[in-house]
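In terms of the working numbering, the numbers along the sequence shown are unbroken and rise by one, the last being 197. First up is the structure itself, then whatever we jot down about it.
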Amino acid sequence: MADSIRFNIEGPVAELTLCAPERRNAIGSKEIAAVKAALATINEACRLFVIRSEGPVFCAGANLKEITDGTMNGDDFQSMTNAIAELSIPTLAIVESDV
């Protein structure tokens, strides 16, 4: 899993934390792969998916440097957000900072 993503399942709660405050938690190709891998481990015992972040910015969105250099494209980012939206359990974003 990417160092910029932390994921754990504790009881009925699956929690994903964006851990790259120095990059304003921007999502690049490594983060997309890590999020998708984490989502694939969510099982029937999970009743809630929580997303949170570290630092003063929740998430700056896609890593524009990777989009510019062709490492990833908008479809990659969209496929990740679709995977979250298609979960069969509720998703809760805990936003304790700027969006």
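No residue lacks a Cβ here, since even glycine has one placed at the ideal position from N, Cα and C.
Exercise. Identify whether Cys105 lies in helix, strand or coil by the three-state DSSP scheme.
Key: On the sequence shown, position 7 is the one that residue 105 refers to. With the sequence shown as reference, residue 105 is identified as Phe, and Cys is not the correct amino acid for it. Strand.
Quiz item: Just the Cα atoms here: how many angstroms apart are Ala183 and Cys157?
Solution: On the sequence shown, residue 183 is found 85 positions in, with the first residue counted as 1. On the sequence shown, residue 157 is found 59 positions in, with the first residue counted as 1. Approximately 17 angstroms, taken between the alpha carbons.
Exercise. Could you tell me which residues DSSP puts in a beta bridge with Glu113?
Key: Numbered from its first residue, the sequence shown carries residue 113 at position 15. According to DSSP, Glu113 bridges with Asn106 and Val148.
Self-check item: Residues sharing a beta bridge with Ile125, DSSP
Solution: Counted from its first residue, the sequence shown places residue 125 at position 27. Ile125 pairs with Ala160.
Quiz item: If Pro110 and Arg145 are in contact, beta carbons under 8 angstroms, what's the gap, nearest whole angstrom?
Solution: On the sequence shown, residue 110 is found 12 positions in, with the first residue counted as 1. On the sequence shown, residue 145 is found 47 positions in, with the first residue counted as 1. That belief holds up - the Cβ atoms of Pro110 and Arg145 are roughly 4 angstroms apart, short of 8 angstroms.
Exercise. Go to Thr179, then tell me how far its alpha helix (DSSP H) extends in each direction, as first and last residue.
Key: Translated into the one-based positions of the sequence shown, residue 179 becomes position 81. Annotation for Thr179: the continuous alpha helix (DSSP H) segment containing it runs Gly172 to Ala183.
Quiz prompt | As assigned by DSSP and simplified to three states, the class of Thr189 | solution = Reading the sequence shown from its first residue, position 91 is the one you call residue 189. Three-state DSSP puts Thr189 in a strand.
Exercise. Quick one: residues in its chain with C-beta nearer than 6 angstroms to the C-beta of Leu137, no 5 flanking neighbours on either side, listed in chain order?
Key: Taking the sequence shown and counting its residues from 1, the one referred to as residue 137 is at position 39. Within the same chain, Leu137 has close Cβ partners Ala181.
Quiz item: Near Pro188, what residues of its chain come up, given a Cβ to Cβ distance below 6 angstroms and the 5 sequence neighbours on each side ignored?
Solution: Taking the first residue of the sequence shown as 1, we reach residue 188 at position 90. The residues are Leu146.
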